[in-house]
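**Q** Chains as they are written, first to last, in the numbering used here: chain A, 40 to 368; chain B, 26 to 326; chain C, 170 to 477.
Built from N, CA and C at the ideal position, the CB exists for glycine as well.
First, the structure itself, so that you have it in front of you.
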Amino acid sequence: MTALMRVRELRVEFDTSGGVVTAVDGASFEVAAGETVALLGESGSGKSVTAQAVMGIVPKPAGRIAGGSITYDGRDLLTPGAAKGLRGREIAMVFQDPLSSLNPVFRVGAQIGEMFRRHRGASRREARAAALELMKRVGIPAASKRLDDYPHQFSGGMRQRVMIAMALALSPRLLIADEPTTALDVTVQAQIMDLLARLQAEEGMSLVLITHDLGVVADVADRVVLMYAGRVVETGPIREVYEHSGHPYTAGLMGSVPVLDGARDRLTPIQGSPPDLLSLPTGCSFHPRCHYADPLCTTDQPNLRPLPTPPPQHQAACHHPEGVLNHAP
Amino acid sequence: MTDVTSTELDLTTATAPLVKSKRRGRAGSARIRFGFVVITVYVVAAIFGPWLVRYNPVDTRTADRLRPPFSRLSDGSYAIFGTDQVGQDLFAQMLQGARISIAVGLATLVLAGTIGVTIGLSAGYFGGWLDGVLMRLADIQLAFPSILLAIFIAALLGPSVVNVVIVLAVSNWVTFARVARGQALATRRREFVDASRTLGAGTWRLISRSVLPACVAPVLVVATVEIGHVILAEASLSFLGLGTPASTPSWGVTIANGRNYLADAWWISTIPGIALAFLVVSLGVLGDALRDRYDPRLRSL
Amino acid sequence: MGAYVVRRLVFSLFVLWGAVTIIFVVLRLVPGDPAYIMLGPDADQAQVDALRAQLGLDHSLIQQYATYLANVVHLDFGQSFRLNADSMSLVMQRVPATIQLATTALLLSLLIGLPLGVIAALRAHSWVDRTISVFSLMGQSTPSFWLGIVLILVFARGLKVLPSAGSGTWSHLVLPTITLALPFLAILVRLTRSGLLEVVHEGYVQTARAKGLGEGIVILVHALRNALIPIVTVVGLQFGALLGGTVIVETVFAWPGVGRLLIDSIGRRDYGVVQASILLVATIFVVINLLVDLLYGFLDPRVRLAGD
Chain A
40 MTALMRVREL
50 RVEFDTSGGV
60 VTAVDGASFE
70 VAAGETVALL
80 GESGSGKSVT
90 AQAVMGIVPK
100 PAGRIAGGSI
110 TYDGRDLLTP
120 GAAKGLRGRE
130 IAMVFQDPLS
140 SLNPVFRVGA
150 QIGEMFRRHR
160 GASRREARAA
170 ALELMKRVGI
180 PAASKRLDDY
190 PHQFSGGMRQ
200 RVMIAMALAL
210 SPRLLIADEP
220 TTALDVTVQA
230 QIMDLLARLQ
240 AEEGMSLVLI
250 THDLGVVADV
260 ADRVVLMYAG
270 RVVETGPIRE
280 VYEHSGHPYT
290 AGLMGSVPVL
300 DGARDRLTPI
310 QGSPPDLLSL
320 PTGCSFHPRC
330 HYADPLCTTD
340 QPNLRPLPTP
350 PPQHQAACHH
360 PEGVLNHAP
Chain B
26 MTDVTSTELD
36 LTTATAPLVK
46 SKRRGRAGSA
56 RIRFGFVVIT
66 VYVVAAIFGP
76 WLVRYNPVDT
86 RTADRLRPPF
96 SRLSDGSYAI
106 FGTDQVGQDL
116 FAQMLQGARI
126 SIAVGLATLV
136 LAGTIGVTIG
146 LSAGYFGGWL
156 DGVLMRLADI
166 QLAFPSILLA
176 IFIAALLGPS
186 VVNVVIVLAV
196 SNWVTFARVA
206 RGQALATRRR
216 EFVDASRTLG
226 AGTWRLISRS
236 VLPACVAPVL
246 VVATVEIGHV
256 ILAEASLSFL
266 GLGTPASTPS
276 WGVTIANGRN
286 YLADAWWIST
296 IPGIALAFLV
306 VSLGVLGDAL
316 RDRYDPRLRS
326 L
Chain C
170 MGAYVVRRLV
180 FSLFVLWGAV
190 TIIFVVLRLV
200 PGDPAYIMLG
210 PDADQAQVDA
220 LRAQLGLDHS
230 LIQQYATYLA
240 NVVHLDFGQS
250 FRLNADSMSL
260 VMQRVPATIQ
270 LATTALLLSL
280 LIGLPLGVIA
290 ALRAHSWVDR
300 TISVFSLMGQ
310 STPSFWLGIV
320 LILVFARGLK
330 VLPSAGSGTW
340 SHLVLPTITL
350 ALPFLAILVR
360 LTRSGLLEVV
370 HEGYVQTARA
380 KGLGEGIVIL
390 VHALRNALIP
400 IVTVVGLQFG
410 ALLGGTVIVE
420 TVFAWPGVGR
430 LLIDSIGRRD
440 YGVVQASILL
450 VATIFVVINL
460 LVDLLYGFLD
470 PRVRLAGD
C-alpha cells in the first residue's frame, strides 16, 4: 500500500501566557489510500492539533508549525498556498461539536450547497439539488423539508450528519473526523460511526478518526496511532495494539495496568494526571506515571521502534516494551 | 477504562484567550499609568491652579481683548493661551473650567451612583414585582436618548451648576442600577447570606454587610468609564446654554463664547476644546483599562 | 416571526408611553405653576389663563394626565404663541432636514466604521489595530460642538472650500455630517472589532476554513454575519446618541432641523414646540429601534423562530 498522506517529524508550537507549548513534538505517521486510521490520545495529546496542521487551520497567531513535513499525494502541504486547493476538495474534516461547528445563521442546505457554489461554481439551484442528494445519502429523514432549516432546529445526531454531508460534498479522498461522536448521545454514537464506515467503504476514501476512546474505533479502524504529550508512543494494526500493547500508556488506556503486587497481578487505572505541556518531564514524558520506569526513562526520550514481537509495523516508543508485553492480559 | 475526558484541556481553545489576556495585561498597566498621570495633572491644576493664576470674572480689560497666545498684556504678564473678547486670560479661565468640569463630573457620579445603587440593590435584593417595575423603568430610560431628557429638564430648570448635576444624574443612573442589581443577585445566591439570614440578621444589616461591599469595585470601574461621558455631556449642555450659566467660565461656555470670534481669535474655542478632549480621552483609556483588568464582564453594559 | 414582531411592537409603544409620561411628570415636578414656567415672566395674565385652561391645571393630576395623553394622541401640542402656528406642524416642517443629516451621518459611519473595525480585528494587536483604536477612542472623546467649530475654522474660514453654515447644497452637508458621524463611527469601529474577535475562534469559522473557503469569505460571510448580531442592538441604542447629537450639530452649523428648532424654542420658552420636538425625536428613535429589532430577528434565526 502506498501512503496517501505522510506526516514526518511534525512539530506545532503555541504561544501561551506561561510560555511556548509544543503541542505536537515530532509526530510521524502515514495514512494509506482507503485505510482507516485511529488517532488516539487524551485531550492535550496533540491529536487534534495534528489534524489542524494537516488542514492548515492551526489557530493563528498563537499557533505555528515549527518543523517537519506533511505530504499529500506527493505534494508538500506546508508550502504556502499548497493546502488551499486541497482543503475541502481532497481533504475534508468533521468536527467534534456539530452545534458550534455549523454556522447558526445560515440554512443547512445553503451551508452544504456552499461547497458546490464556491468550489465548482454551481448555480443556486444546482447546489440546492446536490445538497438535497447529500442529505438523503447521510440519512436525514424528510431531507427536502429540512433543507431550509437552521442548525439549531436539528438534533445532535442529525447535525453531525449535516456536517458529514458537507465534508463529503466534493468526494474527498481523505476525511478527518475529530471526535465525531463525543458530543452525541450514546445511542446516536454507534449510528454515526456506522454511517462513517459505510460512506468510507462506498467512497473508498481514507479516514482518520481522532478519538480518546478506543472502544469507539475498535470495529472500524485498521490501524492505530497513539499519541501522548505531543508524541506518537505506539502505532500498529489495531488487533496487535489491542492484544499486545507495547507501551504502558496503551496498556493503561485499555483499562488496566498490570501491577506486581506481591504474588498476584492486580488491575489499576493509569495513575497520576495528564502531563503539563508547559513543564514536561525529562526523558520519556510518561515516566512519572509509569510502573516500568527506571533511571534511563528519566533521562532519555525513547523513539518509535519495532517491538520484539512481529509484525514490524507494530512499533512503540518505550525503553522497556518487554515488560509491558509480558504482563498484557 | 481510564476516563481521559475528565481532564479536558483542549489546546486550541485554551491557548487563544491566554495569549490575549497576557497582552492585555501588559498593555493594560501602561494604559492605567498613563490615565492616572494625566488625570492627576488635571486634578492638581483644578485644585491649585485658580489660586496661582487669578481669575476675576468682572475684571475686564478692553486693552487686552483678543490677544493671541504668548502675547504680553498691558500689565506686563504673559497670556500663554491668549485672551478672550473681554481681555480675560484664557489660561486662567481654563483652570477655573477644569474645576467646574471635574466637580460637576464627580458630583453627578455621586448622585447618579447613589440613586442607581439604591434602585439596583432594591431591585436585585427584593426581586419580584419591584424588580420588574424598576428594571422596565431602566429599559425605558435606555430606550430614550438621554441627552434629550437632559435638554428638556435643563430647559425647565434653567442654567445652574446644581441643575446640571441633577439633570446628568437623572440620565445616568441606569448603568449603576444594572451593576448593583447584578451584584445583589449574585451575592444573594451565596451561602453566607443565607447563613446570616437564618441567624436572624436584619435586611439592612445584610445589605450593608454583604451586598453593598460586593458592589464597590464594579461601581468604581463603571464610574471611571462614565465620568468622561458626564464631563462631555456637561460641556455640551453648557455650550447649548443649558448647563452652567454664562457667567461661569466652564469649558463649554468658553467654547461657545469663542464661536462669535472665530474670524479674529481661533484660540478661544480651540484650546479649551483640546483640554477637554484630552481629559475625556485619558478618562476613557483609564476606564477601559480598569474594566479589562478587573471586570471584563462589564464591557457589555 | 409574528409573535416576535408583536412583542417588539408592544415594547415600542410602551417606551413611547413612558417618554410621554416622563415629560408630563417632569413638567409637574418642576417647582412653580407649569403655565407660568412655560410662558415665562413677561406673559400676560390672559395668556397664562388660556394655557392653564388648555392644560387643565384646575383639575386633578389624574385628569390633567388624561387630558395630556389625549392631546398627545391627537398630536396636539397647542399653538406656538411666538411663531403663531401649530406646534406639531412647525416641528414636522423641520423633520426632513434632520432625517437627511442623520441618514448621511449613519451611512458615512457604516461605510467607514465597519471596514475599519474589520481591519482592526484581522490585524489585532498590530500597529494598524493600535492606530485604529487610538483614532476610535479620540473620536468617542472629542466634543462634537468643538469638532464642528474646528472644522469650520479649517475648511470654511481657513481653506474656504466649504460653507460654514446653512443648508441647500450637498457642500453644506459635508461638515455637519462628519461632525455628527464621528462619535458614532468611532463606537462602530470598536463594536465591530470586538464583535469579530469574539467570533473568530468559534467552531463555525474553523469549519468555514476547513471547507476550503477563501479567507475573505470566511471573515466577511461566516464570521461577520454572526458578529453583526450583537452589533446591531448596540448600534440601535447608540443611534439615540446620534439623534441627540443633531441638536448640537444643527446649532453649530445653523442647520434648519428639529434640533435647532428645539434649542431656539427653549430660548423663546415655547414649550409646546419643545415637547413636540422631543416626542418626535423620541418617536423616530423608537421606530429605528423597532427596525433594528426586526433586523436582529432577520440576522439571527434563533430569535426569529423562537416565538413560533
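What number of angstroms, rounded off, separates the C-alpha of C357 of chain A from the C-alpha of G285 of chain A?
**A** Translated into positions along the first sequence, residue 357 of chain A becomes position 318. Translated into positions along the first sequence, residue 285 of chain A becomes position 246. In a straight line, the C-alpha of C357 of chain A is about 8 angstroms away from that of G285 of chain A.
**Q** Jot down the residue ranges of each uninterrupted alpha helix (DSSP H) in the region 347-408 of chain C, minimum 4 residues, whole runs only, in chain order.
**A** 372-379, all fully within the region 347-408 of chain C.
**Q** Counting only beta-carbon separations shorter than 8 angstroms, does N395 of chain C have a partner in chain A?
**A** One-based indexing of the third sequence puts residue 395 of chain C at position 226. Yes, its Cβ sits closer than 8 angstroms to a Cβ of chain A.
**Q** Anything in chain A within Cβ reach of I386 of chain C, meaning under 8 angstroms, just list it in chain order.
**A** Position 217 of the third sequence holds residue 386 of chain C. Result: R157.
**Q** Give me, in chain order, the residues of the same chain whose beta-carbon lies closer than 7 angstroms to that of Y237 of chain C; leave out the 5 immediate sequence neighbours on both sides.
**A** Counting from one through the third sequence, the residue named residue 237 of chain C turns up at place 68. Contacts found: F193.
**Q** From the DSSP output, read off the bridge partner residues of R103 of chain A.
**A** Against the first sequence, residue 103 of chain A aligns to sequence position 64. Paired residue(s): A:E52.
**Q** At a Cβ threshold of 8 angstroms, is Y173 of chain C touching chain A?
**A** Translated into the one-based positions of the third sequence, residue 173 of chain C becomes position 4. Answer no: the Cβ-Cβ gap between Y173 of chain C and chain A never drops below 8 angstroms.
**Q** Does any residue of chain B have a CB that is nearer than 8 angstroms to the CB of L406 of chain C?
**A** The sequence position of residue 406 of chain C within the third sequence is 237, counting from 1. Yes - at least one Cβ of chain B is within 8 angstroms of the one on L406 of chain C.
**Q** For the beta strand (DSSP E) that contains V272 of chain A, what are its first and last residues?
**A** By one-based count along the first sequence, residue 272 of chain A stands at place 233. Per DSSP, V272 of chain A belongs to the beta strand (DSSP E) from R270 to P276.
**Q** Taking C-alpha atoms, which residue in B:L193, B:L91 and B:R79 lies nearest to N285 of chain B?
**A** The residue you call residue 285 of chain B lines up with position 260 of the second sequence. Measuring from the Cα of N285 of chain B, the nearest candidate turns out to be B:L91.
**Q** Please report whether the beta-carbon of S235 of chain B lies at a distance below 8 angstroms from any beta-carbon of chain C.
**A** Indexing the second sequence from 1 puts residue 235 of chain B at position 210. No, its Cβ sits nowhere closer than 8 angstroms to a Cβ of chain C.
**Q** For T221 of chain A, which of A:E279, A:P360 and A:F134 has the nearest alpha-carbon?
**A** As a working mapping, residue 221 of chain A is identified with position 182 in the first sequence. Per the Cα distances, A:F134.
**Q** For V310 of chain B versus G60 of chain B, is the C-beta distance shorter than 8 angstroms?
**A** Within the second sequence, the letter at position 285 stands for residue 310 of chain B. Within the second sequence, the letter at position 35 stands for residue 60 of chain B. Going by C-beta atoms, V310 of chain B is nearer than 8 angstroms to G60 of chain B.
**Q** Compile a chain-ordered list of the residues in the region 295-325 of chain B whose CB is closer than 9 angstroms to at least one CB of chain C.
**A** The residues in question are T295, P297, G298, I299, L301, A302, F303, L304, V305, V306, S307, L308, G309, V310, D313, R324 and S325.
**Q** Which residues does DSSP pair with A66 of chain A in a beta bridge?
**A** For the purposes of this step, residue 66 of chain A is taken as residue 27 along the first sequence, with counting starting at 1. Answer by DSSP bridge pairing, in chain order: A:L49.
**Q** Assign G50 of chain B to one of two classes, buried (16 or more other C-beta atoms within 10 Å of its C-beta) or exposed (fewer than that).
**A** In the second sequence, counting from the first residue as 1, residue 50 of chain B sits at position 25. Caution applies to G50 of chain B, whose pLDDT of 45 falls short of 50 and renders its modelled position unreliable; the value that the coordinates give is listed next. Classification for G50 of chain B: exposed.
**Q** Closer than 7 angstroms by C-beta to H191 of chain A: which residues in its own chain qualify, once you throw out the five before and the five after it? Chain order, please.
**A** For this step, residue 191 of chain A is matched to residue 152 along the first sequence. Taken in chain order, the residues that qualify are P143.
**Q** Is the region 417-430 of chain C touching the region 255-266 of chain C in the sense that three or more CB pairs, one from each, lie closer than 8 angstroms?
**A** Output reads yes: the region 417-430 of chain C touches the region 255-266 of chain C.
**Q** Can you name the residues of chain A whose CB is closer than 9 angstroms to the CB of K380 of chain C?
**A** In the third sequence, counting from the first residue as 1, residue 380 of chain C sits at position 211. In chain order: R126, G127, A131, M132, Q150, E153, M154, R157, H158, M205, A206 and A208.
**Q** Within the 8 angstroms Cβ cut-off, does H191 of chain A reach chain C?
**A** By 1-based counting over the first sequence, the position of residue 191 of chain A is 152. Chain C, which has a Cβ nearer than 8 angstroms to the Cβ of H191 of chain A, makes this yes.
**Q** By how many angstroms is the C-alpha of G145 of chain B removed from the C-alpha of G207 of chain B?
**A** For the purposes of this step, residue 207 of chain B is identified with residue 182 of the second sequence, where counting begins at 1. For the purposes of this step, residue 145 of chain B is identified with residue 120 of the second sequence, where counting begins at 1. Distance between the alpha carbons of G207 of chain B and G145 of chain B is about 8 angstroms.
**Q** From this set, C:G247, C:V199 and C:H243, which residue's C-alpha is nearest A222 of chain C's C-alpha?
**A** Within the third sequence, residue 222 of chain C is the residue found at index 53, counting from 1. Nearest option by C-alpha distance: C:G247.
**Q** Name the chain C residues whose beta carbon is nearer than 9 angstroms to that of W154 of chain B?
**A** For the purposes of this step, residue 154 of chain B is taken as the residue at position 129 of the second sequence. Result: empty, since nearest Cβ-Cβ is about 16 angstroms, beyond 9 angstroms.
**Q** Should T55 of chain A be flagged as near chain C, meaning a C-beta pair shorter than 8 angstroms?
**A** Indexing the first sequence from 1 puts residue 55 of chain A at position 16. No - not a single Cβ of chain C is within 8 angstroms of the one on T55 of chain A.
**Q** So, helix, strand or coil for D255 of chain C, using DSSP?
**A** As a working mapping, residue 255 of chain C is identified with position 86 in the third sequence. Strand.
**Q** What does a CB cutoff of less than 6 angstroms around A202 of chain B pick up in its chain, not counting 5 residues either side in sequence?
**A** To locate residue 202 of chain B, count along the second sequence from 1; it is residue 177. Correct list, in chain order: G141, I144, G145 and A163.
**Q** Give me, in chain order, the residues of the same chain whose beta-carbon lies closer than 6 angstroms to that of P314 of chain A; leave out the 5 immediate sequence neighbours on both sides.
**A** One-based indexing of the first sequence puts residue 314 of chain A at position 275. These residues qualify, in order along the chain: A268 and S324.
**Q** Report yes or no: is there a C-beta of chain C within less than 8 angstroms of the C-beta of G122 of chain B?
**A** Here the question's residue 122 of chain B lines up with position 97 in the second sequence. Answer no: the Cβ-Cβ gap between G122 of chain B and chain C never drops below 8 angstroms.
**Q** Could you please tell me which residues of the region 345-378 of chain C, in chain order, have their CB closer than 8 angstroms to any CB of chain A?
**A** Within the region 345-378 of chain C, the qualifying residues are H370, E371, G372, Y373, Q375, T376, A377 and R378.
**Q** So, using beta-carbon positions, are R197 of chain C and R437 of chain C closer together than 8 angstroms?
**A** Translated into the one-based positions of the third sequence, residue 197 of chain C becomes position 28. Translated into the one-based positions of the third sequence, residue 437 of chain C becomes position 268. No, Cβ-Cβ distance for R197 of chain C and R437 of chain C is not below 8 angstroms.
**Q** Taking buried to mean at least 16 other C-beta atoms within 10 Å of its own C-beta, is N253 of chain C buried or exposed?
**A** As a position in the third sequence, residue 253 of chain C is number 84, starting the count at 1. Exposed.
**Q** Determine the burial state of F264 of chain B: buried for a count of at least 16 other Cβ atoms within 10 Å of its Cβ, exposed for fewer.
**A** Here residue 264 of chain B corresponds to residue number 239 of the second sequence, with the count starting at 1. Counting Cβ neighbours within 10 Å, F264 of chain B comes out buried, since at least 16 surround it.
**Q** Going by DSSP in three states, R263 of chain C sits in which element: helix, strand or coil?
**A** The residue you call residue 263 of chain C lines up with position 94 of the third sequence. It is helical.
**Q** Thinking just about the alpha-carbon of each residue, which of C:F454, C:G414 and C:V297 is nearest to the one in L285 of chain C?
**A** By one-based count along the third sequence, residue 285 of chain C stands at place 116. With distances taken between Cα atoms, L285 of chain C lies closest to C:V297.
**Q** Would you identify the three-state DSSP class for P347 of chain A, choosing helix, strand or coil?
**A** Against the first sequence, residue 347 of chain A aligns to sequence position 308. Looking at P347 of chain A - three-state DSSP - the assignment turns out to be coil, as it is neither helix nor strand.
**Q** Please list the terminal residues of the continuous alpha helix (DSSP H) segment that includes S310 of chain C.
**A** The sequence position of residue 310 of chain C within the third sequence is 141, counting from 1. Here the alpha helix (DSSP H) through S310 of chain C covers W296 to S310.
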